[in-house]
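Here the structure comes first, spelled out in structure tokens, and everything after it is commentary.
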Amino acid sequence: MPIKIFNYPFSKRQIILSAGDVIIVNGAIFLSAILRLGLSTGWDYIRDNLVSFLLTGLIFVFTFFLTELYDMRKDFKSVSNIITIISASTSAFIITTFLFYMSWSLRIGRGVFIILGVLITLFIIGWRILYSYLLDHPIFHRNTLIIGAGWAGKSILDEIKKSKKTGLKVIGFIDDDKLKRDTRIGGIPVIGNRYALPTIIHTYAINLIIVAITHEKHADLIKALIRCSWSGIDIIDMPAIYEQLTGKIPFHHINDTWMLHILIGKPKLYGKLVKPVFEVFIAFMLFILLTPGMLIIAILIKATSQGSIFYTQERMGKDKRRFTMVKFRTMLEDAELNTGAVYTTDNDPRITGVGKFLRKWRLDEIPQLLNIMNGNMGLTGPRPERQVFIKEFEEKIPFYNQRLTVRPGLTGWAQIKYPYASSIEQTEEKLQYDLYYIKNMSFLLDFVILLKTINVVLFGKGK
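Each residue of the sequence shown is one higher than the last, beginning at 0 in the numbering used here.
Structure below.
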């Protein structure tokens, strides 16, 4: 089960990995000064420049986070992961150099700084390779049994296979369906029914049971699971571990009772007071800072295509309240005049040359700061949608209306986790991320989303 810090879920393995990074960064700080200046002088140098050293370490760890180096689904031994570490370290090195150049009070000698950057990079690569080998050792594996060999069971098995560093070794399924007996689901055998549960647990030394049953659980099974829990075996429901592995909630496997359960007792102070006030302040400051850039964008739009500078459209926000979305125009004027409301597609011919640039770097969204300041939107939240699409989605997608219980956002968990949705199936996928956000909304999660969004903007991953 994940550990929640400020209501943001971290796995135990993520915490261990990040703790190792912090220790390594501090060790590299000490060693870089000692190698360059000697033991006595180096220690005095660290003490005199402690703030600069700590800031450097923080920037490196921060950059690792932005570049997905704490994603436990990755293989830390892979060449691509090592390249990512080198790239992230280089970026952190450049950022730190810029900060030191801009500040008179923050500085580290060039020789010490270069040694520090090299040591952090090498130590982090070595630590993650070691950590990866440790996780692959059988002693860290948990023998896992999945109860239910239907859609839910297969779905969680697929996610476990995708997540390389879960430490979960799926031994088999149990299911009461006689037709599934002695069959294999995704290469994993169905090894019995609920009556065989005690024997299976003893025979295979089961450590974890995942309950992936979509129908009502039999009373005998519930009693057996209670006994398993008393004996020290971890029991987890499929939606909970699916959420932990993927950062989304499988809406096909939840019901109204589940939704009510997560809403009861959910803290409301942050969402109702702290978040709106904070976002209005940030939006106001950003609007002032970005005004010169907006003037340049407006001139480019006007100079390269006929039509208005801004594109406005009615959207639905919290509690289905309608508001006018304002963006920089990126398409030809009256792009939907002959087609009506349609999805934007890859290489859409309606998008202008300047529009492609604005979309890639998310610059078309800047005028939306006005909607944040007037309370119609937030910095983070589900993407605001059009009424014509919402009506269709509510009819076809379970729990879609839950998106309308929070204010829509300029960016969001679904936006950073999944590309633009241009079909019902893709909208269903994004909804699972939106439900995760609604369930886990917190300051730390919003902070993570904003950091990831900065990463998207910096590397031009918008559409």
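Here a beta-carbon is modelled for each residue, glycine too, at the ideal position from N, C-alpha and C.
It should be emphasised that the depicted structure is a prediction, and the values quoted were computed from it without experimental measurement.
Backbone CA spacing between residue i and residue j [nearest angstrom]
{"i": "N192", "j": "H201", "result": "15 Å"}
{"i": "K153", "j": "F388", "result": "31 Å"}
{"i": "E242", "j": "I437", "result": "13 Å"}
{"i": "G316", "j": "D236", "result": "32 Å"}
{"i": "G147", "j": "S17", "result": "35 Å"}
{"i": "I234", "j": "K451", "result": "32 Å"}
{"i": "I58", "j": "I94", "result": "8 Å"}
{"i": "F322", "j": "N25", "result": "50 Å"}
{"i": "S79", "j": "F63", "result": "14 Å"}
{"i": "K76", "j": "D347", "result": "39 Å"}
{"i": "G37", "j": "V111", "result": "11 Å"}
{"i": "K160", "j": "D255", "result": "29 Å"}
{"i": "I453", "j": "I82", "result": "21 Å"}
{"i": "L118", "j": "G125", "result": "10 Å"}
{"i": "D157", "j": "I248", "result": "15 Å"}
{"i": "L299", "j": "I287", "result": "20 Å"}
{"i": "R349", "j": "F92", "result": "41 Å"}
{"i": "D74", "j": "I23", "result": "20 Å"}
{"i": "K429", "j": "E384", "result": "13 Å"}
{"i": "L409", "j": "T182", "result": "48 Å"}
{"i": "F356", "j": "M324", "result": "20 Å"}
{"i": "L289", "j": "A27", "result": "38 Å"}
Extent of the continuous alpha helix (DSSP H) run through residue i
{"i": "V210", "result": "From DSSP, V210 is part of no alpha helix (DSSP H) but of the beta strand (DSSP E) over 207-210."}
{"i": "L98", "result": "78-101"}
{"i": "Q414", "result": "412-416"}
{"i": "V50", "result": "49-65"}
{"i": "L178", "result": "Note, L178: premise wrong, no alpha helix (DSSP H); not H, not E."}
{"i": "Y194", "result": "That residue, Y194, is in no alpha helix (DSSP H); it is neither H nor E in DSSP."}
{"i": "I145", "result": "I145 -> not in any alpha helix (DSSP H); beta strand (DSSP E) instead, spanning 141-146."}
{"i": "E393", "result": "386-395"}
{"i": "E158", "result": "150-161"}
{"i": "M372", "result": "368-372"}
{"i": "D70", "result": "Unbroken run through D70: none, as it is neither H nor E."}
{"i": "N454", "result": "442-457"}
{"i": "V353", "result": "352-359"}
Environment of residue i [buried if 16+ CB atoms lie within 10 Å]
{"i": "D174", "result": "buried"}
{"i": "H252", "result": "buried"}
{"i": "R127", "result": "buried"}
{"i": "I295", "result": "exposed"}
{"i": "E215", "result": "exposed"}
{"i": "I184", "result": "buried"}
{"i": "Y399", "result": "buried"}
{"i": "L362", "result": "buried"}
{"i": "L68", "result": "buried"}
{"i": "S31", "result": "buried"}
Close Cβ partners of residue i (< 8 Å) along its chain, the five nearest in sequence each way excluded
{"i": "S307", "result": "R328, E332"}
{"i": "T303", "result": "T351, G352, V353"}
{"i": "I107", "result": "N48, S51, F52, T55, F99, L115"}
{"i": "A204", "result": "N142"}
{"i": "S86", "result": "T66"}
{"i": "G246", "result": "W412, K416, Y432, Y435"}
{"i": "I4", "result": "L443"}
{"i": "G539", "result": "Here the chain comprises residues numbered 0 to 462, so residue 539 is not present and cannot be evaluated."}
{"i": "K88", "result": "Checking the displayed sequence, the identity of residue 88 turns out to be Ser instead of Lys. Answer for S88: F59, T62, G116, I119, T120, I123, listed in chain order."}
{"i": "N206", "result": "R141, N142, T143, I232, D233"}
Beta-carbon proximity list for residue i, same chain, < 6 Å, skipping 5 on both sides
{"i": "P381", "result": "R402, P407, G411, D433"}
{"i": "A239", "result": "none"}
{"i": "I15", "result": "none"}
{"i": "V21", "result": "none"}
{"i": "I145", "result": "G152, F172, I209, A211"}
{"i": "S162", "result": "R72, L244"}
{"i": "Q386", "result": "M315"}
{"i": "L196", "result": "A223"}
{"i": "Y310", "result": "K326, R328"}
Close-in-space but distant-in-sequence residues of the same chain around residue i (CB under 7 Å, 5 per side omitted)
{"i": "I281", "result": "L378"}
{"i": "D168", "result": "Here the sequence assigns Lys to residue 168, which means Asp is not the residue at that position. Answer for K168: H140, R141, N142, T143, listed in chain order."}
{"i": "R180", "result": "V189"}
{"i": "T426", "result": "F392, I396, A420"}
{"i": "K319", "result": "L403"}
{"i": "E278", "result": "I371, G377, L378"}
{"i": "L368", "result": "A282, L285, F286"}
{"i": "Y464", "result": "Since the first residue of the chain shown is 0 and the last is 462, residue 464 is not available in this structure."}
Short CB-CB distance (under 8 Å) between residue i and chain B
{"i": "D255", "result": "Of the protein chains in this structure there is only one, and it is not chain B."}
Run of the beta strand (DSSP E) containing residue i, from where it starts to where it stops
{"i": "K429", "result": "Counting along the chain, K429 falls outside any beta strand (DSSP E), though it belongs to the alpha helix (DSSP H) covering 423-439."}
{"i": "H128", "result": "In the sequence as presented, His is not what sits at residue 128; that position holds Ile. Element bounds for I128: not the beta strand (DSSP E) but the alpha helix (DSSP H), 109-135."}
{"i": "L378", "result": "377-379"}
{"i": "L167", "result": "167-173"}
{"i": "R314", "result": "309-315"}
{"i": "M324", "result": "321-327"}
Proximity test, residue i beta-carbon vs the ligand COA heavy atom, cut-off 7 Å
{"i": "S10", "result": "Although the ligand COA was asked about, the structure shown includes no ligands whatsoever."}
At which residue ranges does the segment 5-39 contain complete alpha helix (DSSP H) runs of 4 or more residues, listed in the order of the chain?
-> 11-36
What are the start and end residues of each continuous alpha helix (DSSP H) run of 4 or more residues lying completely inside the segment 216-294, in chain order?
-> 218-229, 237-245, 255-262
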